[in-house]
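2 protein chains.
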Amino acid sequence: MNDIKTLIVEPGAKVHLEQFDPAYTGEPGQEIAHADRAPALESVKARIGALQRKMYGDNAHSLLIVLQGLDAAGKDGVCWHVISGMDPQGCRVQGFKAPTAVEAAHDFLWRIHPHAPAKGEVAVFNRSHYEDVLVTRVHKLVPRKVWERRYDLINEWERLLHIENGTTILKFCLVVSKEEQLKRFAERLEDPDRQWKISDSDYREREFFDDYLAAFNEALERTSTPHAPWFTIPCDHKWFRNLAVAGIIADTLDALHLEYPEPTVDLDRIRREYHAAQSKENAGGKG
Amino acid sequence: MNDIKTLIVEPGAKVHLEQFDPAYTGEPGQEIAHADRAPALESVKARIGALQRKMYGDNAHSLLIVLQGLDAAGKDGVCWHVISGMDPQGCRVQGFKAPTAVEAAHDFLWRIHPHAPAKGEVAVFNRSHYEDVLVTRVHKLVPRKVWERRYDLINEWERLLHIENGTTILKFCLVVSKEEQLKRFAERLEDPDRQWKISDSDYREREFFDDYLAAFNEALERTSTPHAPWFTIPCDHKWFRNLAVAGIIADTLDALHLEYPEPTVDLDRIRREYHAAQSKENAGGKG
């Protein structure tokens, strides 16, 4: 699988999610056999962990991962099954819910900016500033002229992160079919461990399924850039969703050519001090 | 191993870390065979992951894990080998370095408080407010009368978190022997992937080894409380350190008797709506 090339939204390209196949599992002949899927994911997660720890040491780049998508496509699942391969030191997941009164009294990026990753860090946004051109648009929470201008504002803000702080931004649009979404809601309804997650809005949002696709189409078309590309992830098969997201993260980190930084101290002098201390302590131990 | 009972600092007990055995690996006859250590850790991590995800759903309790200890004892190692068992959604690691000028212009808990865990969350402090009675005391950064009164201030603040927000606090003092510490510094010196971590102060802090033990002794004696106990963790053997910390976290989460919350919606009504939608969509699909 070469998921980066297959699933990326090329900057400037038109997007038609209504024609997208959420059940896609790779090019013909490249499917992964059922028995190999778990080991394949573990192996990519190990790569991610090693690369992320190197980025933390390197302290020059940072990574922002944006998770958006249709309800039940699996934003939480990606956190648990993919992001868990990272060292929790240097990686943080930030969820964004409906804005509080204080947040809503500011521009829409005001509550987002403090969670941008520092150099060396990975930040994962479970929902994000894109809600302000998605749910906000679908439910007409602000006039069209307000959300219309936000695409440019988002591009400018993401450019700031990239230019000023070496941040690469990966944006995943998780797409599930309407049938699979209903199946997942129904399963959740009968699972005692997950019933608490159900809200009245889950079901009602389904009425806006096509409106969300249209809102995603425009968001992806207008905000996929070379340093902050969108990827459309087919999510009807969870194993493929996880492998695709993991593979794109690993390949992106690889392409940064990360290196551990040079030591800031005179290693030879410290070696001499260590050996002197060792001799002294050994002598002391025997005395 | 029953690490909670063996390693806890009972509230009010005297602490003598200078007599503590950092090479301890369990009671006689209870040692874990070399071949079983990795599977044992994986199994405890799986318990931790399941319990933490339940706490996230339960949304009534929270957990604050404080990692302190002697240099090279393994605070970073615990993050990577133990905390990585948690779902990154709902768990965050916060490191604390030397205070900035702005932070130093406030009380010592001012920069700490914003990182306390929300209900449902786990926060891990890699170093913490305890630095203000440890390094601050050893290097005489403030007068004795200032750090002396901080033990009570810490207890009062931790009590606030516990009473107001259902936070359980686990504090781990990672103890390594002076010999093993020197060995680890020497290994790091020859490891190209870790040389960048070496600072001049690593070596110089060794001169204050005994002063740190004395500072820890008093901190542990004066701030181990029923809702925020200290544990002394023997760290000369990394496998034991990881298993002990993981076991204490898992047993603590177990004791909270976490439950997924009741659904907030009328499940039967939603079931009816789902089935109606399914029928309608099936009919539509065939039309």
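First to last, the sequence lines map onto chains A and B. Here the first sequence is numbered in full-length UniProt numbering, starting from 1 and rising by one per residue. Here the second sequence is numbered in full-length UniProt numbering, starting from 1 and rising by one per residue. Glycine included, each C-beta is placed from N, C-alpha and C at the ideal position. The model shown is predicted, which means the values in this text are computed figures rather than measured ones.
Completely contained beta strand (DSSP E) runs for the stretch 131-203 of chain B, where each covers 3 or more residues: Runs found: 167-175.
I'd like to confirm the pairing. Which residues does DSSP put opposite alanine 123/B in its beta bridges? Assignment of beta-bridge partners to alanine 123/B by DSSP yields Leu64/B and Arg92/B.
Taking Cβ-Cβ distances shorter than 9 Å, what residues in chain B pair up with alanine 186/A? Going along chain B in sequence order, the residues near alanine 186/A (Cβ under 9 Å) are Arg271, Tyr274, His275 and Gln278.
**Item:** Below-8 Å beta-carbon distance, methionine 55/B vs any chain A residue
**Value:** Residue-level contact by beta carbon fails for methionine 55/B and chain A, as no gap is shorter than 8 Å.
| request: Under the assumption that valine 175/B contacts proline 22/B (Cβ atoms under 8 Å), give the Cβ distance between them as a whole number of angstroms. | output: Indeed, because the Cβ distance is near 5 Å, the residues count as touching under 8 Å.
Q.
Measuring straight from C-alpha to C-alpha, what distance separates lysine 286/A and serine 279/A?
A. Low confidence applies here, because lysine 286/A scores a pLDDT of 41, under 50, leaving its location unreliable and the question unanswered by this model.
Practice prompt. Compare the C-beta of proline 261/A against all C-beta atoms of chain B and say whether one is closer than 8 Å.
Written response: Residue-level contact by beta carbon holds for proline 261/A and chain B, with a gap shorter than 8 Å.
**Asked** alanine 228/A by DSSP, collapsed to three states: which one?
**Response** Strand, per DSSP.
**Asked** Roughly how many angstroms lie between the CA atoms of valine 102/A and glutamine 30/A, to the nearest whole one?
**Response** Going by the C-alpha atoms only, they are around 50 Å apart.
Cβ separation of leucine 189/B and arginine 271/A, assumed to be a contact under 8 Å, to the nearest whole Å
Distance from leucine 189/B to arginine 271/A at the Cβ level is roughly 6 Å; contact confirmed, criterion being Cβ atoms closer than 8 Å.
- Message: With distance defined between alpha-carbon atoms, name the residue in Asp36/B, Glu273/B, Asp210/B and Leu134/B nearest to leucine 17/B.
- Response: For leucine 17/B, the closest alpha carbon among the candidates Asp36/B, Glu273/B, Asp210/B and Leu134/B is that of Asp210/B.
| message | Between lysine 286/A and chain B, is any beta-carbon pair separated by less than 8 Å? | response | Residue placement at lysine 286/A is poorly supported in this model, since its pLDDT is 41, which falls under 50; the coordinates still yield a value, given next. Not an interface residue.
query = Do leucine 134/B and alanine 219/B come within 8 Å of each other at the CB atom, strictly closer than that value?
reply = Against a cut-off of 8 Å, the Cβ pair of leucine 134/B and alanine 219/B comes out as a contact.
- Query: Does any residue of chain A bring its CB to less than 8 Å from the CB of asparagine 155/B?
  - Reply: The Cβ of asparagine 155/B sits no closer than 8 Å to any Cβ of chain A.
Q) So which residues of chain A does arginine 92/B contact, with C-beta pairs closer than 8 Å? A) The answer, in chain order, is Pro88, Arg92 and Val93.
Fill in: Where proline 11/B sits in the DSSP three-state scheme
In this structure, proline 11/B counts as coil in the three-state DSSP scheme.
Q.
Just verifying my parser: in three-state terms, what is the DSSP assignment at isoleucine 270/B?
A. Here isoleucine 270/B sits in helix by DSSP.
Exposed unless 16 or more other CB atoms sit within 10 angstroms - verdict on leucine 63/B: The residue is buried, with at least 16 neighbouring Cβ atoms inside 10 Å.
Residue of His139/A, Pro234/A and Ile83/A minimising C-alpha distance to alanine 214/A: With distances taken between CA atoms, alanine 214/A lies nearest to His139/A out of His139/A, Pro234/A and Ile83/A.
Span separating the alpha-carbon of glutamine 89/B from that of isoleucine 198/A | Going by C-alpha positions, glutamine 89/B is about 18 Å away from isoleucine 198/A.
Rounded to the nearest angstrom, what separates lysine 45/B and valine 82/B at their Cα positions? Straight across, the Cα-Cα distance linking lysine 45/B with valine 82/B is about 7 Å.
Against chain A, does alanine 73/B count as a neighbour if the rule is that its beta carbon must be under 8 Å from one of theirs? The beta-carbon of alanine 73/B is placed no less than 8 Å from the nearest beta-carbon of chain A.
Of all the options Gly120/A, Ser84/A and Glu187/A, which has the alpha carbon lying nearest to the alpha carbon of glycine 49/A?
Closest by C-alpha distance to glycine 49/A, out of Gly120/A, Ser84/A and Glu187/A, is Ser84/A.
Next item on the list: Just mark aspartate 87/A as buried or exposed, buried being the case when its beta carbon has 16 or more other beta carbons within 10 Å.
Entry: Aspartate 87/A is buried by the Cβ-count criterion.
Inset, instruction - Would you mind telling me which residues of chain A sit closer than 7 Å to isoleucine 65/B, beta carbon to beta carbon, in chain order? - result: In chain A, no part has a C-beta under 7 Å from the C-beta of isoleucine 65/B; the shortest such distance is about 11 Å.
Task: Other residues of its chain near isoleucine 65/A: CB distance less than 6 Å, five sequence neighbours each side excluded - done: Apart from the 5 residues on each side of it in sequence, isoleucine 65/A sits with its Cβ closer than 6 Å to the Cβ of Val124 and Leu170 in its chain, given in chain order.
### Query
Mind checking whether the beta-carbon of isoleucine 169/B lies closer than 7 Å to any heavy atom of the ligand SAH?
The ligand SAH is not part of this structure, which contains no ligands at all.
On the criterion of 16 or more Cβ atoms from any shown chain inside 10 Å, does tryptophan 110/B qualify as buried, or is it exposed? Exposed, because fewer than 16 other Cβ atoms sit within 10 Å of the Cβ of tryptophan 110/B.
- Query: Nearest CA to the CA of isoleucine 4/B: which residue from Thr264/B, Leu256/B, Pro263/B and Ile233/B?
  - Reply: If we check each option's Cα against that of isoleucine 4/B, Ile233/B comes out closest.
Exercise for the section: Assign alanine 244/A to one of two classes, buried (16 or more other C-beta atoms within 10 Å of its C-beta) or exposed (fewer than that). Expected result: Buried is the call here.
Item to complete: Kindly say whether leucine 256/B, judged by its beta-carbon, lies nearer than 8 Å to any beta-carbon of chain A.
Response: The beta carbon of leucine 256/B sits no closer than 8 Å to any beta carbon of chain A.
| said: Residues of the stretch 229-247 of chain B in Cβ contact with chain A at a cutoff of 9 Å, in chain order, please. | reply: Those residues of the stretch 229-247 of chain B that come within reach of chain A (Cβ to Cβ, closer than 9 Å) do not exist; the list is empty.
In the DSSP output, what is proline 234/A paired with across the bridge? In the DSSP output, where bridge partners are listed per residue, proline 234/A has Val175/A.
Report task. Have a look at Val93/B, Arg144/B, Ser201/B and Pro11/B and flag the residue whose alpha-carbon is nearest the alpha-carbon of serine 128/B. Result -> For serine 128/B, the nearest C-alpha among the options comes from Val93/B.
For glycine 287/B, three-class secondary structure by DSSP | Confidence in glycine 287/B is poor, its pLDDT being 35 and thus under 50, which makes the residue's placement too unreliable to answer from.
**Prompt:** Does DSSP put residue 291/B in a helix, in a strand, or in coil?
**Reply:** This structure leaves residue 291/B out entirely; chain B is present only between 1 and 287.
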